[in-house]
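Here the structure is laid out as C-alpha cells; the discussion comes afterwards.
In the numbering used here, the protein residues as written are 287 to 910.
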C-alpha cells in the first residue's frame with residue numbers, strides 16, 4: 287500500500303483524538319484513585335497478584351471470557367450473549383487488525399494513534415499488496431459482526447421481550463447519548479470505507495457498497511463528510527463514556543484482576559466498591575432475576591438502580607434500596623460482570639449510624655465454657671462415642687425457633703454413634719450474621735470473637751450447623767483453625783456414604799429448595815440432593831440451583847413489608863410446586879418456617895426426612 291497523503295493527517299481526526307485523550311486521562315486517574323483508596327493490605331495483595339503467573343493467567347482468561355465473549359450471558363441468554371459479544375469482540379478485532387495493517391504496510395505511522403482507526407482514508411491499494419486482500423476480508427467480516435450486534439441492540443431497545451426479558455432498565459440521558467453514538471459509529475464507518483473502497487481496497491461488504499454509492503454519488507464530494515461523521519461519533523462516545531453505563535467497558539478491565547486478587551468491599555463508596563459501581567453495565571439481567579421483582583413496585587430497588595443512585599449521590603434512595611433488599615445473592619449470581627449486589631448493600635448499611643447497639647452482657651460465657659470443658663473431659667456419654675470425632679452442634683437462632691430440626695439432627699447423630707454437644711441448647715447465642723447483614727460490622731466482630739473463644743475451648747474438631755445463615759458467617763468470618771465447619775446436609779451425605787446411617791427410601795416425591803445462603807452463598811447444591819434421592823424421588827423446581835427463588839423470609843431485608851413478603855413467598859412456592867411434589871424439602875429453618883405459612887403441601891427440613899427415613903422401614907405406596 288502507498289500513502290495518499292504524505293502528512294498522514296487530516297483535521298477530521300480531531301474529534302476522535304479529543305475523545306481518546308479525555309477518556310484515557312479519566313481512566314488512568316480514576317484507576318489510580320481506586321487503587322490508592324484500597325486498604326494498604328489489599329493494595330499490596332493486588333500488586334502481588336499481578337506478578338503471580340496463575341492469577342495473571344486467570345485474569346487473561348476472564349478478560350476474554352467476560353469482557354469480549356460474554357460467556358456468562360451466552361449461558362443465560364444466547365441472543366443477549368451474541369449481541370454483547372459481537373459488538374465487544376468484533377470491535378476489539380477491528381482495532382487489532384487495524385494496528386497490524388499499519389505495522390505491516392505503513393510502519394512509519396505506528397506512533398500516530400489515529401492512523402489505524404482511519405487507515406482506509408490515508409492509503410491506496412497497489413498491485414504489489416495482494417496480501418492485503420486477507421485483511422480486507424477480515425475487516426469487512428468483523429465489521430459485519432459488529433453491525434449484526436448493533437441491529438440486535440436496536441431490536442432489544444424496541445422489543446426487549448424478544449430477548450426473553452420482561453423488564454429492562456430505563457436509561458438516563460447520558461446513557462442515551464452513549465447508546466445512540468455507539469449505534470452510529472459502525473454504520474458511519476461502513477459508509478466512509480465504502481466511499482474509499484475503490485482507492486484503498488475493500489472486500490465483500492465495503493466494495494459492494496462502493497459500487498452502489500458510485501451509481502449515484504460522487505466520491506470527491508461525499509467522501510470527507512462521512513469520515514468527519516465517523517470521527518465525531520467516536521469522539522462523542524468517548525467523551526460521554528465516563529458518565530454513562532458504558533464506563534463498565536474500561537472499569538471491568540480493572541475489576542477482574544482485583545476480584546481475582548481476592549479484594550473485598552471494605553468501604554461503601556471508595557476503592558473496590560466504587561469500582562463495582564462503575565463496572566455495572568446496566569444490562570438489566572438482575573431485574574428479572576431478583577425475587578423482589580415479583581412485586582412490580584420493587585423493580586427500581588434492584589442492584590442496577592442502586593448503582594445508579596450511588597453515582598448520583600442520592601442518599602435517600604440509596605438507603606431505601608439498601609434496606610429493602612433480601613440479600614439473597616441472586617443478582618450477584620446472574621451478573622455477567624460479577625458485581626456483588628449483596629455486598630454493596632451491606633457496605634451502604636455499614637456507613638449509617640444506629641441509635642441502639644446490641645449488648646452481649648447477658649451472655650454467660652463462663653457457663654458456656656464450663657459446659658464445653660465438661661464435653662472435653664467426659665469419657666462416658668449417653669451417646670455411643672466415636673472417639674475419632676467430636677462434634678459441636680450449633681443450632682442457631684432460627685433452628686431454636688424450629689425445635690423439630692434440632693431434635694431430628696440430634697437423633698441422627700445418636701443413630702450414627704457420633705459424640706456431640708449442643709453449644710446453644712440454652713439459647714442466648716447469635717452467630718453474628720444478622721448484624722453483619724444489617725451493616726453493624728463492629729458488633730458482629732465482637733460477637734464473632736466471643737463465639738470463637740467458646741468453640742475453641744470446646745475441644746471439638748467439627749462444628750455442625752443446621753442454619754445456612756450461620757454456616758456462611760462461620761465459613762467466611764471465623765478463624766477456627768483445626769475445626770471443620772460443616773452444614774448438616776454435607777454431614778448427612780457423608781454419614782450415608784460411610785454407611786453410618788442407612789435411609790429406607792420411599793416413593794414420596796420431594797422437591798428441594800436451595801436456600802440462598804447455602805446455595806448461592808456457599809455453593810452447596812449437590813450434597814442435599816444426594817441425601818434427598820436416598821429418601822425418595824427427587825423432582826426439580828423450574829428454577830433451582832443458582833436460579834433458585836428466595837423464600838421471601840430473608841433476614842436481609844430491614845424494611846420489606848409483610849404483604850410484599852407474602853407475594854414473594856407465593857412466587858417461590860409456585861416455582862417449587864410446578865412438578866407436583868408431595869413434600870417440599872429445604873435445608874434452612876427460616877425457609878421452612880416461611881413456606882409453612884402459605885404452603886398447601888408439607889414443608890420439611892432435610893434433617894426431618896433423614897430422621898424419618900432412618901427411624902423405621904417405610905412401606906411404599908402401591909400405585910393403582
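Every residue gets a Cβ at the ideal spot worked out from N, C-alpha and C, and that includes glycine.
Fill in: First and last residue of the uninterrupted alpha helix (DSSP H) at residue 869
Note, residue 869: premise wrong, no alpha helix (DSSP H); beta strand (DSSP E) at 869 to 872.
Discussion item. Strictly by DSSP, which residues pair up with residue 295?
Written reply: In the DSSP output, where bridge partners are listed per residue, residue 295 has none listed.
Worksheet item: Can you give, in chain order, each stretch of the beta strand (DSSP E) that sits fully within the stretch 718 to 796 and has at least 3 residues?
Response: 748 to 751 and 770 to 773
Practice prompt. Taking residue 347 as part of the beta strand (DSSP E), name the residues at either end of that continuous run.
Written response: Run containing residue 347: none in the beta strand (DSSP E); it sits in the alpha helix (DSSP H), 339 to 348.
Worksheet item: Which class does residue 410 belong to by DSSP, given the choice of helix, strand or coil?
Response: strand
Worksheet item: Is residue 766 closer than 8 Å to residue 789 when the C-beta atoms are compared?
Response: no
Item to complete: Rank 512, 552 and 568 by C-alpha distance to the C-alpha of residue 911 and give the top, closest one.
Response: Residue coverage of the chain in this structure runs from 287 to 910, which leaves residue 911 outside it and unanswerable.
Worksheet entry | When 482, 512 and 761 are compared against residue 470, the one with the closest alpha-carbon | 512
Practice prompt. Decide if residue 591 is buried, meaning its Cβ has at least 16 other Cβ atoms within 10 Å, or exposed.
Written response: buried
Practice prompt. In the DSSP assignment, find the unbroken beta strand (DSSP E) run with residue 890 in it and report its ends.
Written response: 889 to 891
Worksheet item: How long is the line joining the alpha carbons of residue 307 and residue 733, rounded to whole angstroms?
Response: 51 Å
Worksheet item: Is the CB-CB distance between residue 822 and residue 793 below 8 Å?
Response: yes
Worksheet item: When DSSP labels each residue in this structure, what does residue 708 get in the three-state scheme?
Response: strand
Worksheet item: residue 599: buried (16+ other C-beta within 10 angstroms of its C-beta) or exposed?
Response: exposed
Worksheet item: Helix, strand or coil: how does DSSP classify residue 922 here?
Response: Only positions 287 to 910 of the chain appear in the structure, and residue 922 is not among them; the question remains open.
Worksheet item: Rounded to a whole number of angstroms, what is the C-alpha to C-alpha distance between residue 665 and residue 326?
Response: Residue confidence is low: residue 665 scores 38 on pLDDT, short of 50, so the model does not pin down where it sits. Its coordinate-derived value is still stated next. If you take the alpha carbons of residue 665 and residue 326, they lie about 49 Å apart.
Item to complete: Apply the 10 Å Cβ neighbour rule to residue 456 and answer buried if 16 or more other Cβ atoms are within range, or exposed otherwise.
Response: exposed
Discussion item. Let's see if you can read the secondary structure: which residues bound the alpha helix (DSSP H) around residue 334?
Written reply: 326 to 335
Item to complete: Could you tell me whether the Cβ of residue 600 comes closer than 8 Å to any Cβ of chain D?
Response: This model lacks chain D altogether, as it is built from one protein chain only.
Fill in: Cβ shell of residue 797 (< 8 Å), same chain only, five flanking positions each side left out
824, 825, 826, 827, 862, 863, 865, 867, 869, 870 and 871
Worksheet item: Using 8 Å as the Cβ pair cut-off and three pairs as the minimum, do the stretch 735 to 750 and the stretch 685 to 692 touch?
Response: no
Discussion item. Using 8 Å as the threshold, is the C-beta distance between residue 843 and residue 611 below it?
Written reply: yes
Worksheet item: Taking the continuous alpha helix (DSSP H) assigned at residue 558, which residues delimit it?
Response: 558 to 565
Worksheet item: In terms of residues, what are the limits of the alpha helix (DSSP H) holding residue 815?
Response: 812 to 821
Worksheet entry | Of the residues 701, 739 and 406, the one placed nearest residue 709, counting alpha carbons only | 739
Worksheet entry | Straight-line Cα distance separating residue 510 from residue 490 | 22 Å
Worksheet item: Which residue from 305, 472, 486 and 293 puts its Cα closest to that of residue 387?
Response: 486
Worksheet item: Quick one: complete alpha helix (DSSP H) runs, 4+ long, within the stretch 491 to 539?
Response: 492 to 500 and 505 to 526
Worksheet item: When we look at the beta-carbon of residue 712 and count the other beta-carbons within 10 Å, is it buried (16 or more) or exposed?
Response: exposed
Worksheet entry | Pick from 365, 498, 806 and 426 that is closest to residue 445, judged by C-alpha positions | 365
Worksheet entry | Same chain, Cβ closer than 7 Å to residue 434, neighbours up to 5 away in sequence not counted | 372
Worksheet item: Exposed or buried, residue 586, counting other C-beta atoms within 10 Å across all chains shown (16 or more means buried)?
Response: buried
Item to complete: Along the beta strand (DSSP E) that carries residue 676, what are the first and last residues, could you check?
Response: 676 to 680
Fill in: Endpoints, the alpha helix (DSSP H) within which residue 587 is located
No alpha helix (DSSP H) contains residue 587, which DSSP labels as neither H nor E.
Worksheet item: Going by Cα to Cα distance, which pick from 730, 329, 785 and 779 is closest to residue 759?
Response: 730
Worksheet item: Is it right to say residue 330 is buried, meaning 16 or more other beta carbons lie within 10 angstroms of its own, or is it exposed?
Response: exposed
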